[in-house]
Amino acid sequence: MWDFAGRDTAIDLGSDTVRMHVRDRGVVCREPSVLARSRETGHILALGLPAQQMAGRNPDVTLVRPIREGAPTETDEAEYLMRHLVRRHHRRHYTARPRLVITVPSGMTSVHYRALQFSAYQAGARRLTLVPTPIAAAIGMGMTSTARRDIAVIADIGADVTDVGVIAFGGLVTSHTAHVGGSALDKAIVAMVRREHGTALSRSAAEAAKLEVGAVPPLGRRPVKQTVVTGRDIATGMPREIVLTTLDVGRAISAPIAGIVEAIGAGLTGCSPEISGDLLSVGITLTGGCARLPGLQRLIRDRTGLEARLGDDTGDAAVLGAGEVLRSAGSQEPSARKSAPRPQVLTTLPEY
1 MWDFAGRDTA IDLGSDTVRM HVRDRGVVCR EPSVLARSRE TGHILALGLP
51 AQQMAGRNPD VTLVRPIREG APTETDEAEY LMRHLVRRHH RRHYTARPRL
101 VITVPSGMTS VHYRALQFSA YQAGARRLTL VPTPIAAAIG MGMTSTARRD
151 IAVIADIGAD VTDVGVIAFG GLVTSHTAHV GGSALDKAIV AMVRREHGTA
201 LSRSAAEAAK LEVGAVPPLG RRPVKQTVVT GRDIATGMPR EIVLTTLDVG
251 RAISAPIAGI VEAIGAGLTG CSPEISGDLL SVGITLTGGC ARLPGLQRLI
301 RDRTGLEARL GDDTGDAAVL GAGEVLRSAG SQEPSARKSA PRPQVLTTLP
351 EY
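Going by UniProt numbering, the first residue of the sequence shown is number 1, and it counts up by one from there.
Put into C-alpha coordinates, the structure is as follows:
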(Lines of atoms letter the chains of each structure in order from A; the text may use other names.)
(Lines give C-alpha, C1' and ligand atoms only; values in the text may rest on other atoms or scores of the structure.)
Protein backbone atom coordinates (compact mmCIF):
# COMPACT_ATOMS: atom_id res chain seq x y z
CA MET A 1 0.00 0.00 0.00
CA TRP A 2 1.28 3.44 -0.92
CA ASP A 3 1.96 5.94 1.87
CA PHE A 4 0.48 9.38 1.20
CA ALA A 5 2.40 12.27 2.71
CA GLY A 6 -0.57 14.17 4.10
CA ARG A 7 -0.66 17.83 5.01
CA ASP A 8 1.85 19.25 7.47
CA THR A 9 0.35 18.99 10.96
CA ALA A 10 1.06 20.74 14.25
CA ILE A 11 -0.16 19.33 17.57
CA ASP A 12 -0.32 20.96 20.98
CA LEU A 13 -0.52 17.98 23.35
CA GLY A 14 -2.04 19.51 26.44
CA SER A 15 -2.83 17.52 29.56
CA ASP A 16 -6.42 18.77 29.36
CA THR A 17 -6.93 19.68 25.67
CA VAL A 18 -5.23 18.56 22.48
CA ARG A 19 -5.22 21.03 19.60
CA MET A 20 -4.33 20.27 15.98
CA HIS A 21 -3.40 22.63 13.15
CA VAL A 22 -3.37 21.38 9.57
CA ARG A 23 -1.65 23.34 6.81
CA ASP A 24 -4.06 25.47 4.75
CA ARG A 25 -6.95 24.54 7.04
CA GLY A 26 -6.03 26.23 10.32
CA VAL A 27 -6.94 24.84 13.73
CA VAL A 28 -9.16 21.82 13.03
CA CYS A 29 -9.34 20.22 16.47
CA ARG A 30 -9.80 21.24 20.10
CA GLU A 31 -10.57 17.98 21.90
CA PRO A 32 -10.26 16.91 25.54
CA SER A 33 -7.18 14.69 25.71
CA VAL A 34 -8.98 11.74 27.30
CA LEU A 35 -9.93 8.23 26.21
CA ALA A 36 -12.77 5.99 27.37
CA ARG A 37 -11.65 2.38 27.84
CA SER A 38 -13.79 -0.65 28.60
CA ARG A 39 -12.92 -2.29 31.92
CA GLU A 40 -14.07 -5.67 30.64
CA THR A 41 -12.39 -5.86 27.23
CA GLY A 42 -9.70 -3.17 27.47
CA HIS A 43 -10.78 -1.69 24.12
CA ILE A 44 -10.93 2.06 23.50
CA LEU A 45 -14.58 3.07 23.18
CA ALA A 46 -14.30 6.80 22.48
CA LEU A 47 -11.99 9.78 22.71
CA GLY A 48 -12.35 13.47 23.32
CA LEU A 49 -15.70 14.94 24.34
CA PRO A 50 -17.72 11.69 23.91
CA ALA A 51 -15.26 9.92 26.20
CA GLN A 52 -15.50 12.71 28.78
CA GLN A 53 -19.29 12.44 28.78
CA MET A 54 -19.07 8.70 29.53
CA ALA A 55 -17.01 9.25 32.68
CA GLY A 56 -18.87 8.30 35.86
CA ARG A 57 -22.03 7.33 33.96
CA ASN A 58 -21.13 3.95 32.47
CA PRO A 59 -19.84 1.45 35.05
CA ASP A 60 -17.85 -0.41 32.36
CA VAL A 61 -15.92 2.70 31.33
CA THR A 62 -12.69 3.96 32.85
CA LEU A 63 -11.31 7.34 31.81
CA VAL A 64 -7.69 7.38 30.62
CA ARG A 65 -5.58 10.54 30.44
CA PRO A 66 -2.55 9.58 28.33
CA ILE A 67 -0.94 13.03 28.62
CA ARG A 68 0.27 14.09 32.04
CA GLU A 69 2.31 17.20 32.79
CA GLY A 70 2.60 17.88 29.06
CA ALA A 71 4.15 14.48 28.23
CA PRO A 72 2.80 11.03 27.30
CA THR A 73 2.72 8.76 30.32
CA GLU A 74 0.91 5.91 28.54
CA THR A 75 2.56 5.54 25.15
CA ASP A 76 -0.01 3.17 23.60
CA GLU A 77 -2.93 5.44 24.48
CA ALA A 78 -1.03 8.57 23.38
CA GLU A 79 -0.26 6.85 20.06
CA TYR A 80 -3.94 5.94 19.64
CA LEU A 81 -4.99 9.53 20.36
CA MET A 82 -2.59 11.08 17.83
CA ARG A 83 -3.16 8.43 15.14
CA HIS A 84 -6.94 8.74 15.37
CA LEU A 85 -6.87 12.54 15.14
CA VAL A 86 -4.40 12.50 12.23
CA ARG A 87 -6.52 10.04 10.26
CA ARG A 88 -9.76 11.84 11.03
CA HIS A 89 -8.59 15.27 9.96
CA HIS A 90 -6.56 14.14 6.94
CA ARG A 91 -9.56 12.24 5.57
CA ARG A 92 -7.38 9.24 4.76
CA HIS A 93 -7.95 6.47 7.24
CA TYR A 94 -4.74 4.50 6.93
CA THR A 95 -2.24 6.23 4.67
CA ALA A 96 -1.52 9.74 5.97
CA ARG A 97 2.11 10.20 7.05
CA PRO A 98 2.50 13.96 7.62
CA ARG A 99 5.37 15.99 8.97
CA LEU A 100 4.56 16.67 12.61
CA VAL A 101 5.52 19.50 14.93
CA ILE A 102 4.57 18.89 18.57
CA THR A 103 4.86 21.40 21.40
CA VAL A 104 6.56 20.16 24.57
CA PRO A 105 7.35 21.67 27.99
CA SER A 106 10.76 23.36 28.03
CA GLY A 107 11.80 21.21 31.01
CA MET A 108 10.84 17.88 29.46
CA THR A 109 13.03 14.94 30.47
CA SER A 110 14.86 12.67 28.04
CA VAL A 111 12.62 9.76 29.06
CA HIS A 112 9.53 11.71 28.04
CA TYR A 113 11.25 12.81 24.82
CA ARG A 114 11.78 9.18 23.84
CA ALA A 115 8.22 8.23 24.79
CA LEU A 116 6.81 11.06 22.69
CA GLN A 117 9.10 10.19 19.77
CA PHE A 118 7.95 6.56 19.85
CA SER A 119 4.25 7.50 20.02
CA ALA A 120 4.50 10.08 17.21
CA TYR A 121 6.28 7.77 14.75
CA GLN A 122 3.93 4.91 15.58
CA ALA A 123 1.01 7.27 14.92
CA GLY A 124 2.32 7.84 11.38
CA ALA A 125 4.71 10.81 11.53
CA ARG A 126 7.08 11.00 8.57
CA ARG A 127 9.23 13.63 10.26
CA LEU A 128 9.04 14.94 13.80
CA THR A 129 10.03 18.30 15.28
CA LEU A 130 9.59 19.17 18.96
CA VAL A 131 9.23 22.83 19.93
CA PRO A 132 9.24 24.18 23.53
CA THR A 133 5.87 25.67 24.35
CA PRO A 134 7.17 29.20 25.18
CA ILE A 135 8.84 29.47 21.75
CA ALA A 136 5.75 28.14 19.95
CA ALA A 137 3.46 30.55 21.82
CA ALA A 138 5.73 33.52 21.08
CA ILE A 139 5.74 32.66 17.36
CA GLY A 140 1.97 32.12 17.34
CA MET A 141 1.36 35.58 18.80
CA GLY A 142 3.86 37.20 16.41
CA MET A 143 6.01 38.43 19.26
CA THR A 144 9.40 37.25 18.03
CA SER A 145 11.30 35.91 15.04
CA THR A 146 14.87 35.75 13.79
CA ALA A 147 14.33 38.98 11.89
CA ARG A 148 13.27 40.79 15.07
CA ARG A 149 15.62 40.75 18.03
CA ASP A 150 12.92 41.52 20.55
CA ILE A 151 12.82 40.06 24.04
CA ALA A 152 9.70 38.18 25.09
CA VAL A 153 8.67 36.55 28.36
CA ILE A 154 6.03 33.84 27.98
CA ALA A 155 4.27 32.14 30.89
CA ASP A 156 2.09 29.30 29.63
CA ILE A 157 -0.23 28.18 32.45
CA GLY A 158 -1.79 24.91 31.40
CA ALA A 159 -3.69 22.17 33.18
CA ASP A 160 -0.71 20.40 34.77
CA VAL A 161 2.30 22.55 33.90
CA THR A 162 3.33 26.19 34.19
CA ASP A 163 6.06 26.73 31.59
CA VAL A 164 7.98 30.02 31.71
CA GLY A 165 10.50 31.02 29.06
CA VAL A 166 12.55 34.12 28.31
CA ILE A 167 13.23 34.47 24.58
CA ALA A 168 15.89 36.83 23.24
CA PHE A 169 17.96 37.03 20.05
CA GLY A 170 16.11 34.17 18.42
CA GLY A 171 16.53 31.61 21.20
CA LEU A 172 15.41 30.45 24.62
CA VAL A 173 17.63 32.27 27.13
CA THR A 174 16.23 30.64 30.26
CA SER A 175 13.19 28.61 31.21
CA HIS A 176 11.50 26.99 34.17
CA THR A 177 8.82 24.31 34.31
CA ALA A 178 6.69 23.72 37.40
CA HIS A 179 4.12 20.96 37.82
CA VAL A 180 1.26 23.19 38.88
CA GLY A 181 -1.63 24.48 36.82
CA GLY A 182 -5.39 24.55 36.42
CA SER A 183 -5.94 20.95 37.58
CA ALA A 184 -4.27 21.80 40.91
CA LEU A 185 -6.89 24.51 41.38
CA ASP A 186 -9.69 22.01 40.69
CA LYS A 187 -8.23 19.53 43.21
CA ALA A 188 -8.00 22.30 45.81
CA ILE A 189 -11.69 23.14 45.36
CA VAL A 190 -12.65 19.45 45.66
CA ALA A 191 -10.58 19.14 48.86
CA MET A 192 -12.12 22.30 50.36
CA VAL A 193 -15.70 21.16 49.70
CA ARG A 194 -14.96 17.72 51.17
CA ARG A 195 -13.27 19.18 54.25
CA GLU A 196 -15.73 21.98 55.06
CA HIS A 197 -19.03 20.61 53.73
CA GLY A 198 -18.55 16.83 53.94
CA THR A 199 -19.45 16.48 50.27
CA ALA A 200 -17.62 14.66 47.49
CA LEU A 201 -17.43 16.84 44.39
CA SER A 202 -16.40 15.76 40.90
CA ARG A 203 -13.46 17.40 39.15
CA SER A 204 -15.73 18.64 36.37
CA ALA A 205 -18.05 20.35 38.88
CA ALA A 206 -15.06 21.97 40.59
CA GLU A 207 -13.76 23.22 37.25
CA ALA A 208 -17.17 24.65 36.36
CA ALA A 209 -17.27 26.52 39.70
CA LYS A 210 -13.75 27.85 39.11
CA LEU A 211 -14.68 29.17 35.67
CA GLU A 212 -17.94 30.69 36.86
CA VAL A 213 -17.01 32.41 40.12
CA GLY A 214 -13.25 31.90 40.53
CA ALA A 215 -10.98 34.88 41.14
CA VAL A 216 -7.62 35.52 42.77
CA PRO A 217 -7.94 37.31 46.12
CA PRO A 218 -8.07 40.10 47.09
CA LEU A 219 -11.14 40.91 45.01
CA GLY A 220 -10.88 44.71 45.22
CA ARG A 221 -13.91 46.20 43.45
CA ARG A 222 -14.83 42.89 41.82
CA PRO A 223 -18.33 41.76 42.94
CA VAL A 224 -18.77 38.54 44.87
CA LYS A 225 -20.55 35.90 42.78
CA GLN A 226 -22.00 32.60 43.77
CA THR A 227 -22.83 29.31 42.10
CA VAL A 228 -24.55 26.06 43.07
CA VAL A 229 -22.66 22.76 42.66
CA THR A 230 -24.01 19.27 43.21
CA GLY A 231 -22.06 16.50 44.90
CA ARG A 232 -22.55 13.42 47.06
CA ASP A 233 -22.94 13.73 50.82
CA ILE A 234 -20.22 11.57 52.36
CA ALA A 235 -22.25 10.63 55.44
CA THR A 236 -25.56 9.72 53.78
CA GLY A 237 -24.52 8.99 50.20
CA MET A 238 -27.35 11.19 48.91
CA PRO A 239 -27.03 14.05 46.38
CA ARG A 240 -26.43 17.44 47.97
CA GLU A 241 -26.27 20.99 46.65
CA ILE A 242 -23.57 23.36 47.88
CA VAL A 243 -23.45 27.13 47.33
CA LEU A 244 -19.91 28.33 46.57
CA THR A 245 -19.00 32.01 46.45
CA THR A 246 -16.07 33.81 44.93
CA LEU A 247 -14.57 34.10 48.42
CA ASP A 248 -14.84 30.34 48.98
CA VAL A 249 -13.17 29.48 45.67
CA GLY A 250 -10.50 32.15 46.14
CA ARG A 251 -9.64 30.80 49.58
CA ALA A 252 -9.37 27.26 48.23
CA ILE A 253 -7.10 28.09 45.29
CA SER A 254 -4.76 30.48 47.10
CA ALA A 255 -2.04 27.85 47.64
CA PRO A 256 -1.76 26.60 44.03
CA ILE A 257 -2.00 30.19 42.76
CA ALA A 258 0.98 31.04 44.96
CA GLY A 259 2.83 28.10 43.36
CA ILE A 260 2.10 29.44 39.86
CA VAL A 261 3.37 32.91 40.77
CA GLU A 262 6.47 31.40 42.38
CA ALA A 263 7.15 29.41 39.20
CA ILE A 264 6.95 32.58 37.11
CA GLY A 265 9.42 34.29 39.42
CA ALA A 266 11.79 31.29 39.20
CA GLY A 267 11.65 31.47 35.40
CA LEU A 268 13.03 35.01 35.48
CA THR A 269 15.96 34.41 37.84
CA GLY A 270 18.26 32.90 35.21
CA CYS A 271 18.41 36.07 33.08
CA SER A 272 21.62 38.08 32.80
CA PRO A 273 21.63 41.61 34.27
CA GLU A 274 21.46 43.09 30.75
CA ILE A 275 18.31 41.18 29.87
CA SER A 276 16.78 41.69 33.33
CA GLY A 277 16.87 45.44 32.78
CA ASP A 278 14.88 45.07 29.55
CA LEU A 279 12.21 42.98 31.25
CA LEU A 280 10.79 46.05 32.98
CA SER A 281 9.62 47.41 29.65
CA VAL A 282 8.69 44.02 28.14
CA GLY A 283 6.54 42.55 30.91
CA ILE A 284 5.12 39.04 31.02
CA THR A 285 2.71 37.61 28.47
CA LEU A 286 0.34 34.97 29.82
CA THR A 287 -1.10 32.14 27.74
CA GLY A 288 -2.98 28.95 28.56
CA GLY A 289 -6.41 28.29 30.00
CA CYS A 290 -5.62 29.23 33.60
CA ALA A 291 -4.19 32.61 32.52
CA ARG A 292 -7.74 33.94 32.17
CA LEU A 293 -8.44 33.67 35.89
CA PRO A 294 -9.57 37.13 37.09
CA GLY A 295 -7.03 38.88 39.31
CA LEU A 296 -4.06 36.73 38.30
CA GLN A 297 -2.45 39.46 36.20
CA ARG A 298 -2.65 41.90 39.11
CA LEU A 299 -1.15 39.38 41.53
CA ILE A 300 1.77 38.64 39.19
CA ARG A 301 2.44 42.35 38.79
CA ASP A 302 2.43 42.86 42.57
CA ARG A 303 4.77 39.90 43.24
CA THR A 304 7.26 40.34 40.36
CA GLY A 305 7.12 44.06 39.66
CA LEU A 306 6.56 43.35 35.95
CA GLU A 307 3.45 44.17 33.98
CA ALA A 308 1.46 41.04 33.12
CA ARG A 309 -0.93 40.88 30.19
CA LEU A 310 -3.11 38.24 28.60
CA GLY A 311 -1.59 37.46 25.22
CA ASP A 312 -3.97 34.80 23.94
CA ASP A 313 -7.54 34.33 25.12
CA THR A 314 -8.26 31.24 23.00
CA GLY A 315 -5.40 28.94 24.01
CA ASP A 316 -4.38 28.46 20.36
CA ALA A 317 -1.12 30.45 20.44
CA ALA A 318 1.16 27.43 20.85
CA VAL A 319 -0.43 25.32 18.11
CA LEU A 320 -0.49 28.29 15.71
CA GLY A 321 3.20 28.88 16.40
CA ALA A 322 3.94 25.21 15.79
CA GLY A 323 2.15 25.54 12.46
CA GLU A 324 4.39 28.49 11.57
CA VAL A 325 7.46 26.38 12.39
CA LEU A 326 6.26 23.78 9.88
CA ARG A 327 5.64 26.41 7.24
CA SER A 328 9.18 27.71 7.55
CA ALA A 329 10.85 24.29 7.75
CA GLY A 330 13.15 23.13 5.00
CA SER A 331 11.95 20.88 2.21
CA GLN A 332 14.50 18.11 2.76
CA GLU A 333 12.79 15.09 4.26
CA PRO A 334 13.94 11.59 5.11
CA SER A 335 12.37 8.74 3.16
CA ALA A 336 9.32 7.21 4.77
CA ARG A 337 10.72 3.75 4.05
CA LYS A 338 13.89 4.32 6.08
CA SER A 339 14.10 3.94 9.82
CA ALA A 340 12.60 6.82 11.77
CA PRO A 341 15.17 9.59 12.38
CA ARG A 342 15.76 11.26 15.69
CA PRO A 343 13.35 14.16 16.24
CA GLN A 344 14.59 17.68 15.79
CA VAL A 345 14.31 19.76 18.97
CA LEU A 346 14.13 23.51 18.36
CA THR A 347 15.54 25.78 21.05
CA THR A 348 16.12 28.62 18.58
CA LEU A 349 13.69 30.13 16.13
CA PRO A 350 13.69 28.89 12.51
CA GLU A 351 14.54 31.26 9.71
CA TYR A 352 11.51 32.91 8.09
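Using N, Cα and C, we set each Cβ at its ideal position, and we do this for glycine too.
How is the alpha helix (DSSP H) around residue i delimited, first residue to last?
i, result
"Gly70", "It is not in any alpha helix (DSSP H) - Gly70 carries neither H nor E in the DSSP assignment."
"Leu211", "203-213"
"Ala120", "110-122"
"Asp316", "No alpha helix (DSSP H) holds Asp316; DSSP gives it neither H nor E."
"Asp76", "75-90"
Grab me the residues of residue i's own chain with a C-beta within less than 7 Å of its C-beta, minus the 5 sequence neighbours each way, in chain order.
i, result
"Asp160", "Ser15, Arg68, Glu69, Gly70, His179, Gly181, Ser183"
"Ser106", "Pro132, Thr133, Pro134, Asp163, Gly165, Leu172, Ser175, Thr177"
"His84", "Leu47"
"His89", "Met20, Val22, Val28, Cys29"
Output yes or no for whether 8 Å exceeds the beta carbon distance between residue i and residue j.
i, j, result
"Ala78", "Val61", "no"
"Met141", "Asp312", "yes"
"Val28", "Ala51", "no"
"Asp156", "Ala318", "yes"
"Leu268", "Gly283", "no"
"Ile275", "Ile151", "yes"
"Arg19", "Leu326", "no"
"Glu324", "Ile139", "yes"
"Val224", "Thr245", "yes"
"Arg222", "Pro273", "no"
Could you give the distance in angstroms between the alpha-carbon of residue i and the alpha-carbon of residue j?
i, j, result
"Tyr121", "Leu128", "8 Å"
"Gly220", "Leu286", "21 Å"
"Asp233", "Asp186", "19 Å"
"Ile11", "Thr236", "45 Å"
"Leu310", "Arg87", "34 Å"
"Ala322", "Gly42", "34 Å"
"Ala96", "Arg23", "14 Å"
"Ile257", "Arg301", "14 Å"
"Ser110", "Gly265", "25 Å"
"Gln117", "Val104", "11 Å"
"His192", "Arg126", "Per the sequence shown, residue 192 should be read as Met rather than His. Roughly 47 Å between the two C-alpha positions."
"Ala137", "Met238", "45 Å"
"residue 361", "Val243", "One cannot answer for residue 361 here, as it falls past the ends of the chain, which runs 1 to 352."
"Asp8", "Arg240", "49 Å"
"Tyr80", "Ser204", "24 Å"
"Gly6", "Ala115", "23 Å"
"Gly315", "Thr199", "32 Å"
"Arg194", "Ser202", "11 Å"
"Arg303", "Leu13", "30 Å"
Spatial neighbours of residue i within its chain, please: CB distance less than 6 Å, with the 5 preceding and 5 following residues excluded, ordered by chain position.
i, result
"Gly330", "Bear in mind that the predicted position of Gly330 carries a pLDDT of just 47, short of 50, making it too unreliable to give a figure here."
"Tyr253", "The sequence shown places Ile at residue 253, rather than the Tyr named in the question. Leu185, Ala188, listed in sequence order."
"Ile112", "According to the sequence as given, residue 112 is His; it is not Ile. Hits under 6 Å: Ala71."
"Trp2", "No answer about Trp2 holds up, because its pLDDT of 42 lies below 50 and its placement is not dependable."
"Gly259", "Val180"
"Gln297", "Ala308"
Identify every residue that forms a DSSP beta bridge with residue i.
i, result
"His21", "Ala10, Val27"
"Glu241", "Thr230"
"Arg99", "Arg127"
"Leu172", "Ile167"
Span of the beta strand (DSSP E) holding residue i?
i, result
"Pro132", "127-132"
"Leu306", "Careful: Leu306 lies outside any beta strand (DSSP E) and carries neither H nor E."
"Ser38", "35-38"
"Ile253", "Per DSSP, Ile253 belongs to no beta strand (DSSP E) and is neither H nor E."
"His179", "No beta strand (DSSP E) contains His179, which DSSP labels as neither H nor E."
"Ala46", "44-47"
"Leu63", "61-64"
"Leu286", "284-287"
"Gly165", "162-168"
"Ala155", "152-157"
Note down, in chain order, each residue of its chain lying with its Cβ closer than 8 Å to the Cβ of residue i, except the 5 sequence neighbours on either side.
i, result
"Leu49", "Glu31, Pro32"
"Val249", "Ile189, Ala209, Lys210, Val213, Gly214, Ala215"
"Cys271", "Val166, Val173, Thr174, Leu279"
How about residue i: is its C-beta nearer than 8 Å to some C-beta of chain D?
i, result
"Leu63", "Note that chain D does not occur in the displayed structure, where there is just one protein chain."
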